[in-house]
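Q: Can you read through this structure? Questions will come right after.
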Amino acid sequence: MGYTPEMLDLIKKVEASRPERLERSRKGVDFEALTLAGREDVLSKFHPDYKPNGRRDVKIGPSKGENYPDEFVDVLEAKARLLVSGAELEKLTEYTTDVLVIGGGGAGTSAALMAQEGGCKVVMATKLRHGDANTVMAEGGIQGASQEVDSPYYHYLDVIGGGHFTNTPELVAALTNDAPLVIEWLERLGLMFDKDPDGRMRVRHGGGTCRKRMHSSGDMTGSAIMRVLRDESRNRADDIEVLEFSAAVEILKDSQGRAAGALFYNMETEEYFVVKAKSVIIATGGYGRLHIQGFATTNHYGATADGLVMGYRAGVPLAFMHSTQYHPTGVAFPEQNIGLLITEKVRGLGANLLNIEGEQFVFEREPRDVESACIIRECMERGSGIITATGRVGVWLDSPMIEVLEGEGAVKRELPAKHIQFMRYGIDISKVPMLVYPTLHYQNGGLTIADSSATNVSGLFAAGEATGGVHGENRLMGNSLLDITVFGRRAGVSAAAYAKEYDGEVGYLNMDHVDAYHKELLDAGIETDQVAPMILPNYTREEVMEKQLTTNYQGGIRA
1 MGYTPEMLDL IKKVEASRPE RLERSRKGVD FEALTLAGRE DVLSKFHPDY
51 KPNGRRDVKI GPSKGENYPD EFVDVLEAKA RLLVSGAELE KLTEYTTDVL
101 VIGGGGAGTS AALMAQEGGC KVVMATKLRH GDANTVMAEG GIQGASQEVD
151 SPYYHYLDVI GGGHFTNTPE LVAALTNDAP LVIEWLERLG LMFDKDPDGR
201 MRVRHGGGTC RKRMHSSGDM TGSAIMRVLR DESRNRADDI EVLEFSAAVE
251 ILKDSQGRAA GALFYNMETE EYFVVKAKSV IIATGGYGRL HIQGFATTNH
301 YGATADGLVM GYRAGVPLAF MHSTQYHPTG VAFPEQNIGL LITEKVRGLG
351 ANLLNIEGEQ FVFEREPRDV ESACIIRECM ERGSGIITAT GRVGVWLDSP
401 MIEVLEGEGA VKRELPAKHI QFMRYGIDIS KVPMLVYPTL HYQNGGLTIA
451 DSSATNVSGL FAAGEATGGV HGENRLMGNS LLDITVFGRR AGVSAAAYAK
501 EYDGEVGYLN MDHVDAYHKE LLDAGIETDQ VAPMILPNYT REEVMEKQLT
551 TNYQGGIRA
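In structure tokens, the structure reads:
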């Protein structure tokens with residue numbers, strides 16, 4: 001248990017350089033940040049998004065010709081799980097509602113709450129348990145201009161700059177203007193934000209921020225947000241029906257081409273069923289479990305791009321799917337924690353990133369893509385990373401600095417979950433540094449939406465990580481939890497308003513758009529046995545699958 005003797009010897013170099021680094025920190029002297037030109041240089045040479053290999057053009061659909069990661073194009077150009085006639089869909093109909101929310105994370109639950117407040121009956125379906133989502137994996141905090149020295153104006157500039165000026169401006173304006181309202185809403189729902197003794201919100205810097213606006217709840221902010229959202233939805237059970245272990249496999253349309261429901265797969269009984277609705281919201285999260293370019297991921301088990309596949313087949317174009325965020329600090333040791341997120345809050349509290357010689361090599365609060373590229377450069381080009389017994393490589397994150405800068409007990413107080421996770425393996429991060437390396441963390445792109453969360457398909461809305469545009473080509477820390485709540489709320493309001501104006505009842509549904517998509521596959525000469533949505537990842541080893549003579553797989557599901 002704990003670090004190997006060889007790693008403990010290397011940690012002595014970290015300890016030797018710590019007094020000098022602490023002195024600089026106390027004086028407010030930071031490692032020199034990169035210029036804009038310097039950032040572009042390191043990104044172009046070392047960030048995975050800039051590699052020409054492992055990507056290809058999409059051959060069909062509304063984003064035909066766009067260049068995306070192979071792993072994503074594989075599911076985008078896969079076959080549907082099944083095609084069902086309109087008459088058969090009618091027989092499979094089990095639920096009829098005003099608003100259907102697909103996804104039970106932070107965005108989906110925020111949407112359900114606002115749709116219910118808009119006077120609608122809501123069905124919220126999730127393929128795992130309610131709350132099993134990337135929301136609970138988010139740790140460091142949520143941004144919002146709540147302090148006197150800050151404003152949505154400065155927040156807006158930070159988001160645009162962090163996204164390399166590629167963001168969709170109206171989405172950024174919605175994000176930053178709604179942020180203080182969301183902070184107040186969450187606190188009213190019962191979220192216990194970190195506060196100073198006088199009751200003021202405790203805020204900190206994140207990478208790429210010009211003001212301290214990071215609000216947190218220990219190092220479990222996402223889990224805390226999900227708790228209050230889930231509790232509130234359960235308090236409204238008369239109007240919000242939650243379907244767990246119900247995986248959406250296709251958006252359904254009516255005769256006018258409007259989104260009017262979805263086809264689901266019951267993961268417990270293996271039955272298919274239909275939910276009819278006057279409006280539909282996709283809030284299915286990201287695609288980390290596709291393991292782009294072979295990277296480990298911080299994402300939860302169900303992050304398999306299902307909503308993107310369904311929305312794309314329904315006719316919604318994609319935005320920024322060429323861009324993936326690799327969080328700079330994923331666990332590189334111990335092996336049991338590989339890919340686990342180490343929140344940016346650790347660096348915000350003062351911990352330095354160090355190479356094998358115990359030397360700083362990067363400003364700790366660069367935007368995430370730049371920070372990741374600098375770590376990859378230090379390990380791969382300069383050969384200054386620390387290599388583990390299993391051949392993994394990483395750099396030190398000097399968490400014991402926090403104990404000195406913030407006072408004894410600060411690590412346990414500010415990072416309780418992380419302290420416990422490492423102590424399980426005999427590593428006390430208040431006394432020794434953590435070994436970290438970039439990990440696949442966030443899908444910057446997704447379905448294209450307006451600032452109302454509406455897509456180009458009538459009756460279809462989307463929110464959260466399943467959408468693209470607000471973050472441009474890089475997301476800043478604390479804006480994901482903000483994104484899911486801002487646009488989840490907006491999607492709920494918009495979908496409820498649409499449902500209220502819906503003319504008559506939902507009629508016969510069809511999968512004509514899916515049939516047309518299949519014909520596009522044939523016309524483009526795409527031959528594939530892969531089906532999507534994949535629902536769950538498949539981690540069965542090939543040597544095991546070769547002996548499963550009577551087992552068939554559809555995506556990650558055994559059929």
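Residue numbering for the sequence shown is 1 to 559, as defined by the working numbering. Ideal placement from N, C-alpha and C gives every residue a C-beta, glycine not left out.
P169 by DSSP, collapsed to three states: which one?
A: Reduced to three states, the DSSP call for P169 is helix.
Q: Let me check understanding here. Comparing Cα to Cα, which of E232, E408, V514 and Y326 lies closest to I251?
A: Residue V514 is the option with its Cα nearest to I251.
Q: Work out the CA separation of M434 and H193 for me, nearest whole Å.
A: It is worth fixing the name first, because residue 193 is Phe in this sequence and not His. Taking the straight line from one Cα to the other gives about 26 Å.
Q: Sorted by chain position, which residues of the same chain lie with C-beta nearer than 8 Å to R558's C-beta, five sequence neighbours on each side aside?
A: T551 and N552, listed in sequence order.
Q: When you compare the CB positions of D103 and A259, do they come within less than 8 Å of one another, or not?
A: The displayed chain sequence assigns Gly, not Asp, to residue 103. The answer is no: Cβ separation not under 8 Å.
Q: Using the C-alpha atoms, what's the distance from N299 back to A351?
A: Distance between the alpha carbons of A351 and N299: 24 Å.
Q: Assign H518 to one of three DSSP states: helix, strand, or coil.
A: Looking at H518 - three-state DSSP - the assignment turns out to be helix.
Q: Would you please state the rounded distance, in angstroms, between the beta carbons of A262 and V242? I believe it to be under 8 Å.
A: Their Cβ separation, rounded to whole angstroms, is 15 Å, which puts A262 and V242 out of contact at 8 Å.
Q: Classify D30: buried if its beta carbon has 16 or more other beta carbons within 10 angstroms, exposed otherwise.
A: By the 10 Å Cβ count, D30 comes out exposed.
Q: Decide if G468 is buried, meaning its Cβ has at least 16 other Cβ atoms within 10 Å, or exposed.
A: Counting Cβ neighbours within 10 Å, G468 comes out buried, since at least 16 surround it.
Q: Need the endpoints of the alpha helix (DSSP H) that A115 sits in, please.
A: Run containing A115: G106 to E117, per the alpha helix (DSSP H) assignment.
Q: Quick check on the DSSP output: the alpha helix (DSSP H) that includes Y154 runs from which residue to which?
A: Y154 -> alpha helix (DSSP H) spans P152 to G162.
Q: Assuming V395 and V346 make a contact with CB atoms under 8 Å, what is their CB distance in whole Å?
A: Not really, about 13 Å apart at Cβ, beyond 8 Å.
Q: Could you give the DSSP three-state label for R392: helix, strand or coil?
A: In the structure shown, R392 sits in coil (DSSP, three-state: anything other than H, G, I, E or B).
Q: Can you tell me whether DSSP reads Q443 as helix, strand or coil?
A: Correct three-state label for Q443: strand.
Q: Just to confirm, are M214 and V228 a CB contact at a threshold of 8 Å?
A: The answer is no: Cβ separation not under 8 Å.
Q: Cα separation between M511 and G222?
A: The straight-line gap from Cα to Cα measures roughly 36 Å.
Q: Evaluate the contact criterion for the stretch 472-482 versus the stretch 496-504: three or more CB pairs, one atom per stretch, below 8 Å.
A: No, because fewer than three Cβ pairs between the stretch 472-482 and the stretch 496-504 fall closer than 8 Å, the two stretches do not touch.
Q: Indicate the three-state DSSP secondary structure (helix, strand or coil) for P367 in the structure shown.
A: Three-state DSSP puts P367 in coil, outside helix and strand.
Q: So, under 8 Å CB-CB, G348 and L340 are touching, yes? Tell me the CB distance rounded to an integer number of Å.
A: Contact flag wrong, Cβ pair sits at about 18 Å.
Q: Quick check on E408 - is its C-beta less than 8 Å from some C-beta in chain C?
A: No chain C is present in this structure, which holds just one protein chain.
Q: Taking L89 as part of the beta strand (DSSP E), name the residues at either end of that continuous run.
A: Where L89 is concerned, there is no enclosing beta strand (DSSP E), although the alpha helix (DSSP H) it sits in stretches over G86 to L92.
Q: May I ask which residues mark the beginning and end of the beta strand (DSSP E) holding N479?
A: From DSSP, N479 is part of no beta strand (DSSP E) but of the alpha helix (DSSP H) over N479 to K500.
Q: Exposed or buried, what is F165 when buried is set at 16 or more other beta-carbons lying within 10 Å of its beta-carbon?
A: Classification for F165: exposed.
Q: Quick check: the Cα distance between D74 and I292, rounded to an integer number of angstroms?
A: Answer to the nearest angstrom: the Cα atoms are 11 Å apart.
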